[in-house]
């Protein structure tokens with residue numbers, strides 16, 4: 001069916017118009033074919049009367065086209081019937097054998113012409129395809145080249161020549177790596193080409209190409225191997241995309257970002273130095289105010305009425321709060337300036353010591369501390385202790401209104417990374433305001449209800465960020481809060497080596513000695 005379809009398609013395409021000379025050659029070919037057949041008659045006899053005519057039909061169909069081929073078929077039959085088939089010099093068609101022979105002749109002859117038509121159509125399609133390929137290869141506005149299995153350039157597109165400034169004679173036959181910078185050439189010979197000829201494809205390979213004028217451009221090369229169906233030779237077709245402008249833009253953006261970051265660091269350092277200076281200078285007069293007010297209340301209390309003594313109390317509380325605020329600001333400033341010195345630290349032991357101090361300060365509080373044992377991490381001990389102290393103070397403060405508080409510390413997997421957490425069952429918070437938790441002077445509750453400076457969680461975030469980690473919180477009103485944080489270090493095991501992730505996949509219930517009710 002495919003053969004018939006192709007035959008019909010090829011037959012529908014017109015031949016190039018035949019010239020008179022073609023018909024003349026058809027007549028001459030039949031004359032020659034008949035003469036040769038007559039000369040071969042002593043050896044062939046009655047056998048294969050059309051042998052030489054078939055050859056003539058094939059030659060004329062291939063060379064002259066359809067019309068002359070049909071004329072050759074007609075004249076060939078007449079000539080053979082008159083001069084070769086017995087009785088000679090007679091054109092009478094009679095007998096079954098003669099009719100069968102005529103039918104076979106017609107079928108073979110038109111079969112030859114039809115096959116020739118298919119061949120011509122296929123050749124035409126191949127020529128058109130090759131012409132389109134050459135036109136696309138030569139005229140497309142993209143740099144393209146082909147290399148053989150030795151890396152020699154077989155062909156390049158016109159745009160390739162225009163972009164790099166070479167003449168075709170200067171590149172064809174040369175190794176493609178000759179036009180690369182030394183670094184790119186080494187990369188191509190040692191890595192890219194061996195892998196390419198093994199896998200048959202490569203994508204977005206970064207190269208630097210040298211133009212004829214010495215200028216260097218950045219390109220991304222993608223290529224695929226093609227194998228010639230006839231010769232079996234292997235060659236590649238590569239496309240090169242000039243990304244020089246993009247690379248330069250990226251370099252400029254990186255430079256601008258670096259300059260911006262440097263400027264931000266300088267301004268931040270100036271601001272922190274100013275904050276430190278102002279806080280330090282303010283602390284001395286505030287303490288003097290607090291001290292002298294205390295003296296007034298203690299030594300001259302009888303001279304004041306009840307209203308006056310209340311005013312002194314408010315002044316003392318305000319001075320103390322201001323002193324604490326300045327203390328926290330100084331702490332925040334120092335944390336931004338001091339250098340991190342990492343070493344393995346037992347976070348569980350630090351939390352336990354802080355918890356014991358809180359209970360010592362307020363022995364009437366009933367709080368369960370559940371601290372997972374031996375949670376070790378490579379951190380700056382002093383800085384992380386400040387962060388843990390602020391987190392624990394925060395949990396302690398907001399569980400004050402709960403009949404029996406519960407504060408838990410541990411580590412678990414979150415998004416595939418070890419994540420530390422401190423959880424409490426205090427008053428919690430509305431997640432709509434979670435973004436305000438770590439801001440300086442940001443508060444979700446009034447100072448009269450829950451005292452504080454509004455800087456503690458900002459200090460925690462600064463410490464965690466200095467360690468390359470992140471901190472976030474989850475909670476709900478009257479359902480407690482959980483603070484999660486990561487550190488740019490794996491938790492350290494009991495042997496001083498980093499723990500694997502698998503060791504953090506679950507938080508088992510701590511043993512009895514880790515549960516201390518205070």
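In this note's numbering, the protein residues as written are 1 to 518. In this text, a Cβ means the ideal position worked out from N, Cα and C, and glycines have one as well.
Quick one: what's got a C-beta closer than 6 angstroms to residue i's C-beta in the same chain, skipping five residues either side?
i, result
"residue 227", "234"
"residue 194", "none"
"residue 26", "60, 68, 71, 72"
"residue 34", "79, 83"
"residue 495", "For residue 495, the predicted model reports a pLDDT of 48, less than 50, meaning its position is unreliable and no value from the coordinates is stated."
Compare the Cα-Cα distances from residue i to each of the options and report the closest residue.
i, options, result
"residue 217", "243, 265, 154", "243"
"residue 176", "356, 21, 148", "148"
"residue 456", "115, 35, 285, 389", "389"
"residue 372", "383, 410, 351, 381", "410"
"residue 67", "295, 20, 77, 463", "20"
"residue 225", "239, 213, 215", "239"
"residue 479", "438, 429, 437", "429"
"residue 75", "178, 54, 363", "54"
"residue 352", "391, 34, 83", "391"
"residue 241", "459, 140, 402", "140"
"residue 108", "294, 82, 77", "77"
"residue 349", "365, 315, 384", "384"
"residue 387", "421, 305, 314, 273", "421"
"residue 361", "340, 393, 297", "393"
"residue 154", "170, 163, 162", "170"
"residue 419", "471, 261, 466, 400", "471"
"residue 464", "340, 213, 40, 212", "340"
"residue 368", "402, 380, 382", "402"
"residue 363", "23, 400, 43", "400"
"residue 38", "115, 382, 85", "85"
"residue 152", "165, 168, 174", "174"
"residue 29", "52, 45, 264", "52"
DSSP state of residue i, grouped into three classes?
i, result
"residue 208", "strand"
"residue 187", "helix"
"residue 425", "coil"
"residue 310", "helix"
"residue 470", "coil"
"residue 171", "coil"
"residue 20", "helix"
"residue 486", "coil"
"residue 408", "strand"
"residue 367", "strand"
"residue 495", "The predicted model places residue 495 with a pLDDT of 48, which falls under 50 and marks its position as unreliable; any figure quoted below should be read in that light. Looking at residue 495 - three-state DSSP - the assignment turns out to be coil, as it is neither helix nor strand."
"residue 259", "helix"
"residue 215", "coil"
"residue 393", "helix"
"residue 399", "coil"
"residue 316", "helix"
"residue 418", "strand"
"residue 227", "strand"
In chain order, what residues of the same chain have a beta carbon less than 8 angstroms from the beta carbon of residue i, not counting five sequence neighbours either side?
i, result
"residue 180", "188, 207, 208, 209, 210"
"residue 438", "457, 458, 460, 461, 471"
"residue 110", "73"
"residue 309", "297, 301"
Within the same chain, show all residues whose beta-carbon is closer than 7 angstroms to that of residue i, passing over the 5 residues directly before and after it, in chain order.
i, result
"residue 469", "485, 486, 487, 488"
"residue 63", "none"
"residue 203", "222"
"residue 184", "207, 208"
"residue 22", "64, 65, 68"
"residue 273", "none"
Check this for me: beta carbons of residue i and residue j, under 8 angstroms apart or not?
i, j, result
"residue 344", "residue 378", "yes"
"residue 57", "residue 69", "yes"
"residue 398", "residue 426", "yes"
"residue 395", "residue 407", "yes"
"residue 146", "residue 222", "no"
"residue 192", "residue 172", "no"
"residue 159", "residue 105", "no"
"residue 404", "residue 356", "no"
"residue 375", "residue 347", "yes"
"residue 481", "residue 424", "yes"
"residue 290", "residue 255", "no"
"residue 286", "residue 322", "yes"
"residue 312", "residue 304", "yes"
"residue 163", "residue 144", "no"
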